[in-house]
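First the structure, in the form of structure tokens, and then the observations on it.
In my numbering, the protein residues as written are 1 to 407.
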């Protein structure tokens, strides 16, 4: 049975890591569902055990944040923020840094994938209108979204999982990971200047206007609800049900069937994560994960500089091989073997998130930016890699140092 579970795990992660293989081009969600099914069919888990393996808190929080983000996008708040931003950006270079800062800031409190989905069309429109090279702005958007999302427990799916698995509260996690993400962003913006400042025109071709769709002095109801939800997060309320309460409150205010809002939820992603929980639990039932961590944990302890370095490298490589969410699932249940749990959890969240900046395929946010912009600009793998590899190494180093100092 153990051999079958291990083989199923290898098959599943081959399908996930390979995105679309020629021999079986079914994609990542279907690959995960196949793996979950096979774990039950071959007896690695019973149906009841597979149900218990799914972390309902994580799924609820992700679903609720998708709903909230959808309502915010519908309100026109993103284009209005850009309108205000562009009024203070006098130069294309300033716009580059502003997009990076905005992307990071929004991603700290919204799911980074959603931020990229909402912002990419606006960035493409601005670049097209003012004849700006799109590559630098798209890279700034994607890399900053990933780094910014590391700041809180609701910035990305892997952090949501860590929030469910660990004892970290929202405010305490943000007190550690927020400064680390800020350090990473300072590095990232500095690199944007080094890499791209000379490629940008010295001035805009015309007036830097962008139509605002809302009155920021009287923000939409969805914005007020989101601010209230964020305040509740900071006070320590249950994040999943708090976010759901906010979404339901907006539904009640709209007084109509939420067909459009529910249609904006990425159900495929939710199924993907639910299936991953089952696949990882099936592998864990064999004992091979525990034995592997016992063998390597001595070199990955986070209470020494060399251990933290090895931990960061291991998580970066692992996250790019099997993706960051599976890496968190595989590591999370063994976190106490790496030293101080607070430091280890914070490092796990930060390293697996920033690892997504290494390559264009390293995170879903990167892929969204590339896919959303491909009709206007083909963001190349190596074009991204030239910046992403250096940004990952330096932002990772800066953030790890900050976490070490704070924990």
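The beta-carbon is built from N, C-alpha and C at its ideal position, and this holds for glycine as well. None of the values given here were measured: they were computed from a predicted structure.
Three-pair Cβ contact test at 8 Å for the segment 270-280 versus the segment 25-40: yes
What are the uninterrupted segments assigned as alpha helix (DSSP H) that are 4 or more residues long and contained completely in the segment 206-286, given in chain order? 221-235, 239-254, 259-263 and 267-284
Residue range of the alpha helix (DSSP H) that residue 302 falls in? Unbroken run through residue 302: none, as it is neither H nor E.
Three-pair Cβ contact test at 8 Å for the segment 152-161 versus the segment 188-201: no
Is it the case that the CB of residue 383 approaches a heavy atom of the ligand SAM more closely than 7 Å? Among the components of this structure there are no ligands whatsoever, and the ligand SAM is therefore not found.
Ends of the alpha helix (DSSP H) at residue 97? 92-109
If you check the beta carbons only, do residue 72 and residue 221 fall under 8 Å apart? no
On a CA-only basis, which of 141, 196, 368 and 108 is nearest residue 468? Give me that one, please. Shown here, the chain extends from 1 to 407; a query on residue 468 therefore has no answer.
Helix, strand or coil: which one does DSSP assign to residue 76? coil
What's the call for residue 257, buried or exposed, on a 16-neighbour Cβ count within 10 Å? exposed
Compare the Cα-Cα distances from residue 263 to each of 66, 361 and 30 and report the closest residue. 66
How about residue 360: is its C-beta nearer than 8 Å to some C-beta of chain B? Of the protein chains in the structure, only one exists, and it is not chain B.
Which stretch, first to last residue, makes up the alpha helix (DSSP H) that contains residue 374? First-last for residue 374: undefined, no H or E at that position.
Reduced DSSP secondary structure (H/G/I, E/B, other) of residue 425: Limits of the chain in this structure are 1 at one end and 407 at the other, which puts residue 425 out of reach.
May I have the straight-line CA-CA distance separating residue 60 from residue 52, to the nearest angstrom? 15 Å
Helix, strand or coil: how does DSSP classify residue 359 here? coil
Roughly how many angstroms lie between the CA atoms of residue 388 and residue 234, to the nearest whole one? 32 Å
Does the segment 348-360 touch the segment 313-328, meaning 3 or more C-beta pairs lie closer than 8 Å? yes
Return the residue from the list 92, 224, 268 and 239 that minimises the CA-CA distance to residue 249. 224
Counted within 10 angstroms of its Cβ, other Cβ atoms place residue 139 as buried (16 or more) or exposed: buried
Determine whether the beta carbon atoms of residue 282 and residue 44 lie at a separation below 8 Å. yes
Closest residue to residue 329 among 375, 241, 130 and 290 (Cα-Cα distance): 290
So what's residue 46 in DSSP terms, helix, strand or just coil? coil
Do you know offhand how far residue 126's Cα is from residue 132's? 8 Å
For the alpha helix (DSSP H) containing residue 168, list its first residue and its last residue. Note, residue 168: premise wrong, no alpha helix (DSSP H); not H, not E.
Tell me whether residue 152 sits in a helix, a strand or coil according to DSSP, three-state version. coil
With DSSP as the reference, label residue 54 as helix, strand or coil. coil
Buried or exposed: where does residue 298 fall if 16 or more other Cβ atoms within 10 Å of its Cβ makes it buried? exposed
Could you say if the segment 340-348 and the segment 381-397 meet the contact criterion of at least three C-beta pairs nearer than 8 Å? no
Report all residues from its chain with a CB closer than 8 Å to the CB of residue 251; omit the five preceding and five following residues, and keep chain order. 258 and 261
Below 7 Å CB to CB, which residues in the same chain sit around residue 407 once its five sequence neighbours on both sides are set aside? 176, 340, 342, 343 and 346
Limits of the alpha helix (DSSP H) - the one that residue 349 falls within: 341-354
Decide if residue 145 is buried, meaning its Cβ has at least 16 other Cβ atoms within 10 Å, or exposed. buried
Count the other CB atoms within 10 Å of the CB of residue 112; is the residue buried (16 or more) or exposed (fewer)? buried
Limits of the unbroken alpha helix (DSSP H) element including residue 387: 381-406
Does the Cβ-Cβ distance between residue 403 and residue 180 come in under 8 Å? yes
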